[in-house]
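Here is the structure we will look at, set down as structure tokens.
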Amino acid sequence: MKKKFLEKKLKKIAYERIDILMNLAEEEAKKGNWERAKRYVFLARKIAMKMRIKFPKKWKRRICKKCGTFLIYGKNARVRVRSKTYPHVVITCLNCGAIYRIPMIREKKEKMKEIKNRNNQKK
Ligand SMILES: [Zn+2]
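In structure tokens form, the structure reads like this:
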């Protein structure tokens, strides 16, 4: 019991640290200090890995998984909205060229609702 409590506390601290580091990374990236921003991102990811916690959603889309660069949309990352086959956002890291496709969640939720409704009608 006590151990679990401690683990929870440590994880909370880890999340706080990640948040601080990512805020610093954003600041440095905005100033153009890409290397320093990268270092902060590296440290934040290291904490997440060590604590085996998921990277906060808030920051997940802001880093390039491939090269670890902090992404600033419109500066070192290109964002395009695509609706072919399924609506999604395409984020391109201009540092290493990695491409990330993110499906639009709202659409997904609506689709899930539709499926649920259909299933209810069947009953
Ligand atoms: Zn990259």
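Each residue of the sequence shown is one higher than the one before, starting from 56 at the first, in the working numbering. Just so it is clear, CB atoms sit at the ideal spot from N, CA and C, and this is done for glycine as well. In this text, all values refer to a predicted model and were calculated from it rather than measured experimentally.
Endpoints, the beta strand (DSSP E) within which residue i is located
i	result
isoleucine 146	143–148
tyrosine 155	154–158
arginine 133	132–137
Nearest-angstrom beta carbon gap, residue j and residue i [assumed within contact, 8 Å]
i	j	result
histidine 143	arginine 156	5 Å
arginine 72	isoleucine 102	6 Å
cysteine 151	lysine 121	5 Å
glycine 116	isoleucine 146	Before going on, a small fix: residue 116 reads as arginine here, not glycine. Correct: roughly 7 Å between the Cβ atoms.
Short Cβ contact (9 Å threshold) for residue i with residue j
i	j	result
isoleucine 127	lysine 93	no
glycine 123	arginine 91	no
Opening and closing residue of the alpha helix (DSSP H) in which residue i lies
i	result
asparagine 88	Premise fails: asparagine 88 is in no alpha helix (DSSP H) and is neither H nor E.
lysine 115	112–115
Quiz prompt | Quiz: which residues have CB nearer than 6 Å to ligand 1 non-hydrogen atoms | solution = Proximity annotation: ligand 1 has residues Cys119, Lys121, Cys122, Thr124, Cys148, Asn150, Cys151 and Ala153 in chain order, each selected because its CB is closer than 6 Å to a heavy atom of the ligand.
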